[in-house]
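Chemist: After the structure tokens below, expect a handful of questions from me.
Residue numbers (my numbering): 79 to 244.
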């Protein structure tokens with residue numbers, strides 16, 4: 079098997095329709111404090127909102143999980159043209175530190191022959207993804223989890239041995 083992971087890297091920010099507000103920061107309340115999940119002004123994800131506002135005059139905007147889910151669903155629909163089955167995740171696996179995690183996976187083994195190889199499949203994936211206004215990292219590996227890890231590093235791994243070296 080070969081899994082292709084399509085990982086929207088800034089979905090919290092890009093799913094919110096706010097025009098081009100340059101100092102926008104997406105925040106979420108966890109416990110007694112608000113945290114920055116992503117921003118357009120260079121504030122690091124995971125920064126406390128109070129500290130972020132001391133560093134930069136940001137416009138905080140609450141995270142909109144329903145908008146993120148709709149964007150992820152659109153990505154999953156497009157992914158069906160790359161292969162099948164398609165799975166999507168909106169939760170944060172423990173392996174990713176509890177941060178917001180979004181991904182769509184496509185089982186792409188049969189698609190390699192259809193597209194003429196991995197390079198051609200990735201080229202088709204990039205062309206398809208240009209329809210969406212999302213920043214997406216791609217990765218491939220023989221397992222779903224490995225493909226998510228490969229996407230984090232921009233890697234395309236075909237074997238379990240290559241995955242172990244990552």
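Ideal Cβ placement from N, Cα and C applies to all residues, glycine included. Since we're looking at a predicted model, the values are computed, not measured.
Could you spell out the range, first to last residue, of the alpha helix (DSSP H) harbouring residue 143?
Modeler: Element bounds for residue 143: 143-157.
Chemist: Would residue 143 be called buried (16 or more neighbouring beta carbons within 10 Å of its own) or exposed?
Modeler: Under this definition residue 143 is an exposed residue.
Chemist: Considering Cα atoms alone, identify which of 118, 109, 112 is closest to residue 94.
Modeler: The candidate whose alpha carbon is nearest that of residue 94 is 118.
Chemist: How many angstroms separate the CA atom of residue 230 from the CA atom of residue 86?
Modeler: If you take the alpha carbons of residue 230 and residue 86, they lie about 10 Å apart.
Chemist: Compute the distance between the beta-carbons of residue 228 and residue 235, then report whether it is under 9 Å.
Modeler: Cβ atoms of residue 228 and residue 235: closer than 9 Å.
Chemist: Just to confirm before moving on: does the CB-CB distance between residue 233 and residue 219 stay below 9 Å?
Modeler: Against a cut-off of 9 Å, the Cβ pair of residue 219 and residue 233 comes out as a contact.
Chemist: What separation, rounded to the nearest whole angstrom, lies between the Cα atoms of residue 216 and residue 82?
Modeler: So the alpha carbons of these two residues sit roughly 7 Å apart.
Chemist: Identify, in the order they occur along the chain, each residue of the same chain with its Cβ nearer than 6 Å to the Cβ of residue 156, setting aside the five sequence neighbours on each side.
Modeler: Contacts found: 206.
Chemist: Taking a contact to mean a Cβ-Cβ separation below 9 Å, would you say residue 210 touches residue 186 in this structure?
Modeler: No, Cβ-Cβ distance for residue 210 and residue 186 is not below 9 Å.
Chemist: Do you know whose CA, among 108, 126, 120, lies nearest residue 114's CA?
Modeler: Per the Cα distances, 126.
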